[in-house]
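**Student:** First the structure, which I've put down as structure tokens, then a few questions once you've had a look.
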Amino acid sequence: MTDFSELKAILDERRVSSGESVRHLHSHDESFHAPSLPDVVVWPHTTEEASRLVRWAREKRVPVTAWGAGTSLEGNPIPVRGGMVMDFNEMNRIIAVRPEDFQADVQAGVIYKELNKRLARDGLFFPPDPGAAATIGGMIGNNASGIRSVRYGATKDYVMRLTVVLPDGEVIHAGNRARKSSSGYNLPALFTGSEGTLGIITEATLKLAGLPVNFMAVRATFPTVLNATTTVYQIMRAGLAPAAMEFLDANVVRVLNADRDLTLEENPTLLMEFSGYSRQGLAEEMAFVEEICQQNGALSIDRGIGAEERARLWEIRHQTYESIKRYHTGLSPLIMDVAVPLSRYSEMVDFSKNEVRDLTAYLFGHAGDGNIHVHVMDDPQDAKRWARVEEATRSIVMKALEFEGTCTGEHGIGIGKSRFMETEHGASLMLMKRLKALLDPENLFNPGKFFL
Ligand SMILES: Cc1cc2nc3c(=O)[nH]c(=O)nc-3n(C[C@H](O)[C@H](O)[C@H](O)COP(=O)(O)OP(=O)(O)OC[C@H]3O[C@@H](n4cnc5c(N)ncnc54)[C@H](O)[C@@H]3O)c2cc1C
Numbered sequence: 005m006t007d008f009s010e011l012k013a014i015l016d017e018r019r020v021s022s023g024e025s026v027r028h029l030h031s032h033d034e035s036f037h038a039p040s041l042p043d044v045v046v047w048p049h050t051t052e053e054a055s056r057l058v059r060w061a062r063e064k065r066v067p068v069t070a071w072g073a074g075t076s077l078e079g080n081p082i083p084v085r086g087g088m089v090m091d092f093n094e095m096n097r098i099i100a101v102r103p104e105d106f107q108a109d110v111q112a113g114v115i116y117k118e119l120n121k122r123l124a125r126d127g128l129f130f131p132p133d134p135g136a137a138a139t140i141g142g143m144i145g146n147n148a149s150g151i152r153s154v155r156y157g158a159t160k161d162y163v164m165r166l167t168v169v170l171p172d173g174e175v176i177h178a179g180n181r182a183r184k185s186s187s188g189y190n191l192p193a194l195f196t197g198s199e200g201t202l203g204i205i206t207e208a209t210l211k212l213a214g215l216p217v218n219f220m221a222v223r224a225t226f227p228t229v230l231n232a233t234t235t236v237y238q239i240m241r242a243g244l245a246p247a248a249m250e251f252l253d254a255n256v257v258r259v260l261n262a263d264r265d266l267t268l269e270e271n272p273t274l275l276m277e278f279s280g281y282s283r284q285g286l287a288e289e290m291a292f293v294e295e296i297c298q299q300n301g302a303l304s305i306d307r308g309i310g311a312e313e314r315a316r317l318w319e320i321r322h323q324t325y326e327s328i329k330r331y332h333t334g335l336s337p338l339i340m341d342v343a344v345p346l347s348r349y350s351e352m353v354d355f356s357k358n359e360v361r362d363l364t365a366y367l368f369g370h371a372g373d374g375n376i377h378v379h380v381m382d383d384p385q386d387a388k389r390w391a392r393v394e395e396a397t398r399s400i401v402m403k404a405l406e407f408e409g410t411c412t413g414e415h416g417i418g419i420g421k422s423r424f425m426e427t428e429h430g431a432s433l434m435l436m437k438r439l440k441a442l443l444d445p446e447n448l449f450n451p452g453k454f455f456l
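Residue numbering for the sequence shown is 5 to 456, as defined by my numbering.
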């Protein structure tokens with residue numbers, strides 16, 4: 005029987021808890037996956053403390069699962085084998101902002117929205133934007149992206165240096181501050197998206213981007229999904245560079261109208277954002293975008309220039325998840341997250357829509373990235389219904405893989421996607437397993453994830 009009170013020799017008493025409510029809070033994320041209680045939750049303040057905790061856990065053969073804000077959608081931080089949850093909430097310092105280098109050094113528990121508030125003072129920002137109140141550690145863990153990834157890329161494109169505690173407690177510093185480097189294996193990339201299965205990140209040096217001066221936003225509705233999704237491809241091909249390009253199906257708009265008392269046209273919708281220097285340049289781009297929308301049969305086009313207009317036109321997108329959840333109180337979400345090459349996006353959306361026609365399902369997604377979310381609301385306790393949800397998930401993922409895409413564009417593998425790893429990665433999965441065994445031979449870091 006492990007004596008978790010020994011941890012109080014490493015951290016002060018306040019930062020070690022086996023209390024019922026604390027364990028419950030760390031037993032689930034935002035997904036439908038079954039909760040699983042950790043035995044103990046700890047809050048390190050320094051890399052050295054995190055390393056000492058890991059060494060203790062290794063000696064006692066206790067699983068360790070890193071925890072950011074618990075906003076994952078695939079069960080990624082659920083401690084399925086119990087043990088220790090290492091919560092980074094109290095390790096949340098912005099260590100340094102280096103405007104002249106376009107870099108920030110942060111601790112893992114910094115919430116990216118807080119970081120962006122601070123960076124705005126220097127006219128900078130950290131672009132990946134998953135929407136939820138995620139931490140930098142959790143974003144690196146999942147290689148999160150968001151509405152602006154079509155222009156700026158995903159978290160992996162912004163990780164320059166990492167401080168990582170390995171499963172044996174050793175601390176390494178991977179990467180450097182140079183804007184380019186050909187030196188050795190890209191270890192920051194290895195840890196990014198590894199969901200805490202290979203190492204625990206305590207600090208990161210992030211690349212930053214300059215805040216755009218001006219914005220232009222467009223909301224266009226179309227008679228069919230195909231009209232909307234074809235527009236995506238044509239806008240990208242025309243050399244326009246959207247900063248965001250989101251698709252919402254008609255029933256998503258219906259829920260938003262009902263939930264938020266709006267009167268938007270209930271048709272397949274594209275939300276677009278462009279950024280630039282001058283209003284005149286943006287107005288010219290806007291005319292071009294409108295022309296492409298009209299060629300694709302747009303039924304309505306609402307647009308505007310400036311930050312306020314952007315906020316007005318985009319507000320609905322930020323409410324989508326909450327509105328759907330509120331509209332179906334009592335049901336749980338399963339959010340599929342496939343991504344495919346842009347040329348297959350229309351087919352993928354069409355196929356997905358057909359697959360879930362008998363379910364309570366909503367389609368929306370980061371269209372400019374070829375990423376579609378099929379958001380199903382149902383009851384995981386109803387075995388027959390849930391089997392149908394799982395069947396639809398499987399067939400949608402298989403279609404995405406047939407299109408040479410991926411089972412997850414941004415939410416990660418967690419618990420729900422491990423069953424697709426072999427099909428997606430083939431022989432490469434063996435190399436992933438070997439890497440895991442090399443770094444974590446006892447399988448103590450976030451066990452029960454990635455591999456069946
Ligand atoms: C409303 C809503 C909208 C969302 N939209 C998006 C979206 O558009 N794009 C997107 O990508 N995601 C989205 N997500 C999912 C989620 O917000 C992101 O994946 C986010 O990055 C998770 O961050 P977190 O801090 O909550 O991490 P957690 O959920 O706590 O953890 C995520 C994973 O990282 C690991 N981890 C956490 N901290 C560390 C660390 N310090 N070192 C190593 N591993 C660590 C955990 O063990 C876990 O495996 C959304 C979620 C919600 C609820």
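The beta carbon of each residue, even a glycine, is placed where N, CA and C say it ideally should be.
For Thr333, tell me which candidate among Met352, Ala311, Ala343, Thr364 has the shortest Cα-Cα distance.
**Tutor:** With distances taken between Cα atoms, Thr333 lies closest to Thr364.
**Student:** Assign Pro451 to buried or exposed, taking buried as 16 or more other Cβ atoms, counted over all protein chains shown, within 10 Å of its Cβ.
**Tutor:** Result: buried.
**Student:** Excluding the 5 residues flanking Pro134 on each side, which residues of the same chain have their C-beta closer than 6 Å to its C-beta?
**Tutor:** The answer, listed in chain order, is Ala148, Gly150.
**Student:** With a threshold of 16 other CB atoms inside 10 Å of the CB of Thr159, please say whether the residue is buried or exposed.
**Tutor:** Thr159 should be labelled buried.
**Student:** Chain B beta carbons: is any one of them nearer than 8 Å to that of Ser399?
**Tutor:** Protein chains in the displayed structure number just one, and chain B is not present.
**Student:** Could you check the C-alpha separation between Ser519 and Thr75 for me, to the nearest Å?
**Tutor:** The requested residue 519 is not part of the displayed model; the chain covers only 5 to 456.
**Student:** Going by other Cβ atoms of all chains shown within 10 Å of its Cβ, with 16 needed for buried, is Arg65 buried or exposed?
**Tutor:** Exposed, because fewer than 16 other Cβ atoms sit within 10 Å of the Cβ of Arg65.
**Student:** DSSP three-state call for Ile339: helix, strand or coil?
**Tutor:** Correct three-state label for Ile339: strand.
**Student:** For a quick check, are the C-beta atoms of Glu269 and Ser304 less than 8 Å apart?
**Tutor:** Yes, these two residues count as a Cβ contact at 8 Å.
**Student:** Looking at C-beta atoms only, is the number of pairs between the segment 221–228 and the segment 293–310 that lie closer than 8 Å three or more?
**Tutor:** Counting Cβ pairs under 8 Å, three or more are found: they touch.
**Student:** Quick check: does the Cβ of Ser149 come within less than 7 Å of any heavy atom belonging to ligand 1?
**Tutor:** Checking the Cβ of Ser149 against ligand 1 gives yes.
**Student:** Would you say Leu77 touches ligand 1, meaning its beta carbon is less than 7 Å from a heavy atom?
**Tutor:** Within the cutoff, so yes.
**Student:** Cutting at 8 Å between CB atoms, please list the residues of its own chain near Asn271, excluding the five before and the five after it.
**Tutor:** Only Thr225, Phe226, Pro227, Ala254, Val257, Leu303, Ser304 meet the Cβ criterion.
**Student:** For the candidate residues Arg316, Gly197, Gly79, Asn96, whose alpha-carbon lies nearest to that of Glu34?
**Tutor:** Selected option, being the one with the closest Cα: Gly79.
**Student:** Can you give me the start and stop residues for the beta strand (DSSP E) that Lys211 sits inside?
**Tutor:** That run of the beta strand (DSSP E) goes 204–211.
**Student:** How about Val101 and Ala112: are their beta carbons less than 8 Å apart?
**Tutor:** Not in contact: Val101 and Ala112 (Cβ atoms no closer than 8 Å).
**Student:** Taking DSSP as the reference, what is the three-state secondary structure of Gly374?
**Tutor:** Looking at Gly374 - three-state DSSP - the assignment turns out to be coil, as it is neither helix nor strand.
**Student:** I want to check one thing, is the minimum distance from the CB of Trp71 to the heavy atoms of ligand 1 below 7 Å?
**Tutor:** Yes, since a heavy atom of ligand 1 falls inside the 7 Å radius drawn around the Cβ of Trp71.
**Student:** Report, in whole angstroms, the separation of the C-beta atoms of Asp263 and Ser327, which I expect to be a contact under 8 Å.
**Tutor:** Contact flag correct, Cβ pair sits at about 4 Å.
**Student:** Alpha carbon to alpha carbon, how far is Ala178 from Thr167?
**Tutor:** If you take the alpha carbons of Ala178 and Thr167, they lie about 7 Å apart.
**Student:** Can you tell which of Val45, Ser187, Leu215 has its C-alpha closest to the C-alpha of Leu123?
**Tutor:** Of the candidates Val45, Ser187, Leu215, the one whose C-alpha sits nearest the C-alpha of Leu123 is Leu215.
**Student:** When the Cα atoms are used, what is the spatial distance from Ser198 to Ala287?
**Tutor:** So the alpha carbons of these two residues sit roughly 42 Å apart.
**Student:** Can you name, in chain order, every residue of its own chain whose Cβ lies under 7 Å from the Cβ of Lys421, other than the five neighbours on each side?
**Tutor:** Within the same chain, Lys421 has close Cβ partners Glu78, Cys411, Thr412.
**Student:** Suppose contacts are defined by Cβ-Cβ distances below 8 Å. Is Glu294 in contact with Thr51 by that definition?
**Tutor:** Cβ distance not < 8 Å, so Glu294 and Thr51 don't count as in contact.
**Student:** Going by C-alpha to C-alpha distance, which of Ser399, Pro83, Met90, Leu212 sits closest to Leu11?
**Tutor:** If we check each option's Cα against that of Leu11, Met90 comes out closest.
**Student:** Alpha carbon to alpha carbon, what distance is there between Glu312 and Leu275?
**Tutor:** The straight-line gap from Cα to Cα measures roughly 15 Å.
**Student:** Rounded to whole angstroms, what's the CA-CA distance from Glu250 to His28? Just pull it up for me.
**Tutor:** Glu250 and His28: Cα-Cα distance of roughly 35 Å.
**Student:** Can you look up Val114 in the DSSP assignment and give me helix, strand or coil?
**Tutor:** Val114: coil per DSSP, three-state reduction.
**Student:** Kindly examine ligand 1 and report whether one of its heavy atoms sits closer than 7 Å to the Cβ of Phe106.
**Tutor:** Checking the Cβ of Phe106 against ligand 1 gives no.
**Student:** The alpha helix (DSSP H) that contains Ala291, what's its start and end?
**Tutor:** Its alpha helix (DSSP H) spans residues 283–299.
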